[in-house]
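Peer 1:
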Amino acid sequence: MDMVLLLTVLIVIFAIVFDFINGFHDTANSIATAVSTKALKPRHAILLAAIMNFVGAMAFTGVAKTITKDIVDPFTLENGTIVILAALLAAITWNLVTWYYGIPSSSSHALIGSIVGAVIAAAGVGALNLGGFLKILQALILSPILAFVVGYIVYSIVKVVFKNHNLTKTNRNFRLVQIATAALQSFSHGTNDAQKAMGIITMALIVNNYQTTDDIQLWVQVSCALAMALGTSVGGWRIIKTVGGKIMKIRPVNGVAADLTGAAVIFGATAIHLPVSTTHVISSSIMGVGAAHRLKGVKWGTAQTMLITWIITLPISAMIAGLIYMVLNLFM
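Quick look at the structure:
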């Protein structure tokens with residue numbers, strides 16, 4: 012096996028590993044509210060999330076193409092194989108660290124920051140597609156703000172509509188609705204998150220001259236969808252506890268409002284082919300709903316810790332990727 016083929020195979024393996032880790036790292040995003048309100052038992056919630064993540068991942072490829080070509084041009088990238096390998100190793104490292112400590116950081120931020128750091132280490136800032144990168148960065152920053160605002164509005168409307176209803180009966184009915192909204196949120200998660208690894212693999216195939224277009228091959232799509240679904244089936248209990256209980260005490264009506272908000276924002280981003288952090292979007296949706304329900308009910312200390320992690324993920328993952336690139340470049 013020649014070196015180019017070997018490195019390409021390694022990238023595919025690590026990309027699938029990244030998607031698997033992304034699955035158990037981000038399981039909490041789509042099912043934490045349903046588990047915390049007891050709308051679904053944990054085992055059933057994880058199975059539902061795994062299936063819907065797979066279906067969502069098979070439904071779209073626009074975000075994958077954005078990852079492939081909008082941060083850096085894979086057709087002109089020098090040392091592209093080492094750049095991509097370094098980016099994947101850095102993103103996996105940061106995901107495992109934040110998972111271990113139960114911090115719902117962003118796999119999207121980690122991967123995009125890692126790509127940027129590895130590219131700069133290899134070819135300087137000039138090699139970046141600044142227009143495309145800034146567009147992605149805007150989506151990453153604005154989407155959680157939008158989710159917070161929409162969550163606040165959605166729950167404010169729900170409060171008005173159901174203000175005269177019996178609370179116990181309303182919660183029981185919303186618990187049933189939440190099964191559907193959890194499925195919807197899991198589907199939306201798959202439409203955006205699983206595509207990032209697809210984009211990385213496609214970038215590697217282009218860099219190593221195994222394909223000449225940015226089309227996402229079916230085997231790439233199926234592999235990443237399966238990896239995401241299997242990772243989801245493992246579950247991320249540390250992060251589920253943070254998202255499901257440490258932001259606010261979630262009732263079924265809160266969960267439905269947060270799920271609908273998160274799914275709507277993620278679908279919107281997927282429709283315009285932009286990668287967003289599902290972690291940020293869903294956590295911000297919960298915060299928006301919580302602020303509308305009772306401002307003091309939101310545990311802002313947890314929110315502050317999450318915000319700091321969100322901010323530092325891009326630069327830290329970029330630095331890790333740059334260091335890994337320099338080490339790999341010494342031996343390859």
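Start counting at 1 in the sequence shown, then tack on 11, and there's your number in this note's numbering.
Even for Gly, the Cβ is constructed at its ideal location relative to N, Cα and C.
Predicted, not measured: the structure shown is a model, and the values here were computed from it.
Reducing DSSP to helix, strand and coil, say where residue 148 ends up.
Peer 2: Position 137 of the sequence shown, counted from the start, is the residue given in the question as residue 148. The answer is helix: DSSP assigns residue 148 an H, G or I state.
Peer 1: Under 8 Å, do residue 83 and residue 139 count as touching if we go by C-beta distance?
Peer 2: Numbered from its first residue, the sequence shown carries residue 83 at position 72. Numbered from its first residue, the sequence shown carries residue 139 at position 128. Against a cut-off of 8 Å, the Cβ pair of residue 139 and residue 83 comes out as a contact.
Peer 1: Quick check: the Cα distance between residue 309 and residue 302, rounded to an integer number of angstroms?
Peer 2: In the sequence shown, residue 309 corresponds to position 298, counting from 1. In the sequence shown, residue 302 corresponds to position 291, counting from 1. Computed Cα separation, rounded: 6 Å.
Peer 1: Could you check which residue in 76, 52, 62 and 237 has the C-alpha nearest to that of residue 197?
Peer 2: Residue numbering aside, residue 197 sits at position 186 when the sequence shown is read from its first letter. Of the listed residues, the one whose Cα sits closest to residue 197 is 62.
Peer 1: Please state whether DSSP places residue 83 in a helix, a strand or coil.
Peer 2: Position 72 of the sequence shown, counted from the start, is the residue given in the question as residue 83. Residue 83: strand per DSSP, three-state reduction.
Peer 1: Between the Cα of residue 347 and those of 148, 92, 72 and 81, spot the shortest distance and give me the residue it belongs to.
Peer 2: Past the edges of the chain, shown from 12 to 343, lies residue 347, and the structure says nothing about it.
Peer 1: What do you get for residue 85, buried or exposed, if any count of 16 or more other CB atoms within 10 angstroms of its CB means buried?
Peer 2: Residue mapping note: residue 85 aligns to position 74 of the sequence shown, counting from 1. Buried, because 16 or more other Cβ atoms sit within 10 Å of the Cβ of residue 85.
Peer 1: Whose C-alpha, out of 33, 264, 112 and 135, is nearest the C-alpha of residue 118?
Peer 2: The count along the sequence shown starts at 1 and reaches residue 118 at position 107. The candidate whose alpha carbon is nearest that of residue 118 is 33.
Peer 1: Less than 7 Å between the CB of residue 18 and some heavy atom of the ligand ADP, yes or no?
Peer 2: Summarising the ligand content, the structure contains no ligands, and the ligand ADP is consequently not present.
Peer 1: Is the CB-CB distance between residue 44 and residue 266 below 8 Å?
Peer 2: As a working note, residue 44 is residue 33 in the sequence shown. As a working note, residue 266 is residue 255 in the sequence shown. Yes.
Peer 1: Suppose contacts are defined by Cβ-Cβ distances below 8 Å. Is residue 291 in contact with residue 154 by that definition?
Peer 2: Here residue 291 refers to the residue found at position 280 of the sequence shown. Here residue 154 refers to the residue found at position 143 of the sequence shown. Yes, they are a contact pair.
Peer 1: Going by DSSP in three states, residue 341 sits in which element: helix, strand or coil?
Peer 2: Residue numbering aside, residue 341 sits at position 330 when the sequence shown is read from its first letter. Looking at residue 341 - three-state DSSP - the assignment turns out to be helix.
Peer 1: Any contact between the stretch 41–59 and the stretch 205–225? By contact I mean 3 or more CB pairs, one from each, below 8 Å.
Peer 2: Short answer: they don't touch.
Peer 1: How would you call residue 24, buried or exposed, if buried means at least 16 neighbouring beta carbons within 10 angstroms?
Peer 2: Residue numbering aside, residue 24 sits at position 13 when the sequence shown is read from its first letter. Under this definition residue 24 is an exposed residue.
Peer 1: In this structure, does DSSP put residue 255 in helix, strand or coil?
Peer 2: As a position in the sequence shown, residue 255 is number 244, starting the count at 1. Reliability fails at residue 255, whose pLDDT of 45 lies under 50, so the model's placement of it is uncertain and the value that follows must be treated cautiously. Correct three-state label for residue 255: helix.
Peer 1: To the nearest angstrom, how far is the alpha carbon of residue 337 from that of residue 97?
Peer 2: On the sequence shown, position 326 is the one that residue 337 refers to. On the sequence shown, position 86 is the one that residue 97 refers to. The straight-line gap from Cα to Cα measures roughly 9 Å.
Peer 1: First and last residue of the alpha helix (DSSP H) that includes residue 224?
Peer 2: In the sequence shown, the residue the question calls residue 224 occupies position 213. Residue 224 -> no alpha helix (DSSP H), and no H or E assigned at all.
Peer 1: Assuming residue 237 is part of the alpha helix (DSSP H), what are its boundary residues?
Peer 2: Taking the sequence shown and counting its residues from 1, one reaches residue 237 at position 226. Taken as a continuous stretch (DSSP letters only), the alpha helix (DSSP H) holding residue 237 covers 229–245.
Peer 1: Determine the direct distance from the alpha carbon of residue 270 to that of residue 135, and round the result to whole angstroms.
Peer 2: On the sequence shown, residue 135 is found 124 positions in, with the first residue counted as 1. On the sequence shown, residue 270 is found 259 positions in, with the first residue counted as 1. So the alpha carbons of these two residues sit roughly 41 Å apart.
Peer 1: Checking 8 Å against the spacing of the C-beta atoms, do residue 65 and residue 206 come in under that value?
Peer 2: As a first step, residue 65 is located in the sequence shown; it is residue number 54 there, counting from the start. As a first step, residue 206 is located in the sequence shown; it is residue number 195 there, counting from the start. Their beta carbons are not under 8 Å apart, which means residue 65 does not touch residue 206 by this criterion.
Peer 1: Just to confirm my understanding: we take residue 202, look at its own chain, exclude 5 residues before and 5 after, and list those with CB closer than 6 Å. What are they?
Peer 2: Within the sequence shown, residue 202 is the residue found at index 191, counting from 1. The answer, listed in chain order, is 67, 70, 71 and 281.
Peer 1: Have a look at residue 226 and residue 76 and give me their C-alpha separation to the nearest angstrom.
Peer 2: For the purposes of this step, residue 226 is taken as residue 215 along the sequence shown, with counting starting at 1. For the purposes of this step, residue 76 is taken as residue 65 along the sequence shown, with counting starting at 1. One C-alpha to the other measures close to 7 Å.
Peer 1: Could you tell me the distance, in whole angstroms, from the CA atom of residue 79 to the CA atom of residue 311?
Peer 2: By one-based count along the sequence shown, residue 79 stands at place 68. By one-based count along the sequence shown, residue 311 stands at place 300. Computed Cα separation, rounded: 37 Å.
Peer 1: Give, in chain order, every unbroken run of the beta strand (DSSP E) that is at least 3 residues long and sits entirely within the stretch 169–202.
Peer 2: Counting only runs of 3 or more, we get nothing.
Peer 1: Output the boundary residues of the alpha helix (DSSP H) element that contains residue 111.
Peer 2: Looking up residue 111 in the sequence shown gives position 100. 91–111 is the extent of the alpha helix (DSSP H) around residue 111.
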